[in-house]
Structure formats: structure tokens, C-alpha cells
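So the sequence shown is numbered by our numbering: it starts at 6 and just counts up by one.
Ideal Cβ positions, reconstructed from N, Cα and C, are used throughout, including at glycine.
One structure below.
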Amino acid sequence: MNIIGNVIWLVFGGILGAIVWLIAGLLLCVTLIGIPFGLQCFKIAGFVLWPFGRDVDIGYFGAGGLIFNVIWIVLLGWELAIAHLVVGVLFCITIVGIPFGVQHIKLSKLGLVPFGARIYWS
6 MNIIGNVIWL VFGGILGAIV WLIAGLLLCV TLIGIPFGLQ CFKIAGFVLW PFGRDVDIGY
66 FGAGGLIFNV IWIVLLGWEL AIAHLVVGVL FCITIVGIPF GVQHIKLSKL GLVPFGARIY
126 WS
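Structure representation (C-alpha cells):
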């Protein structure tokens, strides 16, 4: 199921989403201040590329991660989380879309607080 879900995900937007996150990460890494945020964009891009069979745990951050998460949330994290949450709920309305809705809900967690988030194979 994971391979089939990931292939369908890639065909219907996963590749495009990963490319957008990679470009955002590259643009953020141009400045010295943006490098930590760019690295988080690369982490999110990897998850967007192949989300089925992987899970996200949040909350493994220290004081620096807390500060960066607050900056992230204020600038764009809350918008990303709400967007993925809305798309996830819309996918979950249909039975066929439930697996894709669950992936968007995982992305909403990661989009809200990427610093200190752990992505692992489940």
C-alpha cells in the first residue's frame, strides 16, 4: 500500500510540492539568517516527496528550536498548517481520499513546527 500510495501521491502533485519546497529552501539558504529555515524546508521537501510509510513526531527541540519555531509560526507556519489541515479534511470526506487526507494532516503538523520534528519510517 505504501508504494502504491507514494506513486499516486507523486503523480498527482508530490513531485511539484517537493520541488516548490526545495526552491524555497534554496532561496532561504542564500542568506546566513535563513539557513536554518532553508534546512527545514529541505526536510519538509523530503517528506512531501515520499510521505506514505513515514510519520512525524514533534516536540524534540531545545531553546533554540523553540525560538525558531515561534519565528516560523509567526511568519508562515500557521498558514501552512491551516492549508494542509483544510486540504486533509476535504480529502477525508471521501473514502478514497482518506489516506491522502491523513498525509496532509501529517504535513500540517510538520508545517506548523518543523524545528525539532522527527520524521521516521513507521
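{"Item": "Span of the beta strand (DSSP E), counted from its first residue to its last, around residue 126", "Value": "123-126"}
{"Item": "Boundaries (first-last residue) of the alpha helix (DSSP H) holding residue 12", "Value": "7-14"}
{"Item": "Cβ pair count under 8 angstroms reaching 3, the stretch 71-91 against the stretch 103-115", "Value": "yes"}
{"Item": "Separation of residue 8 from residue 114, as counted between CA atoms", "Value": "23 angstroms"}
{"Item": "Those residues which DSSP pairs with residue 101 across a bridge", "Value": "Paired residue(s): none; residue 101 is not in a bridge."}
{"Item": "Pairwise C-alpha distance: residue 59 and residue 126", "Value": "4 angstroms"}
{"Item": "Assigned secondary structure, residue 61 (DSSP; H/G/I helix, E/B strand, else coil)", "Value": "strand"}
{"Item": "Span separating the alpha-carbon of residue 66 from that of residue 95", "Value": "31 angstroms"}
{"Item": "Close-in-space but distant-in-sequence residues of the same chain around residue 103 (CB under 8 angstroms, 5 per side omitted)", "Value": "96, 97"}
{"Item": "Extent of the continuous alpha helix (DSSP H) run through residue 27", "Value": "20-33"}
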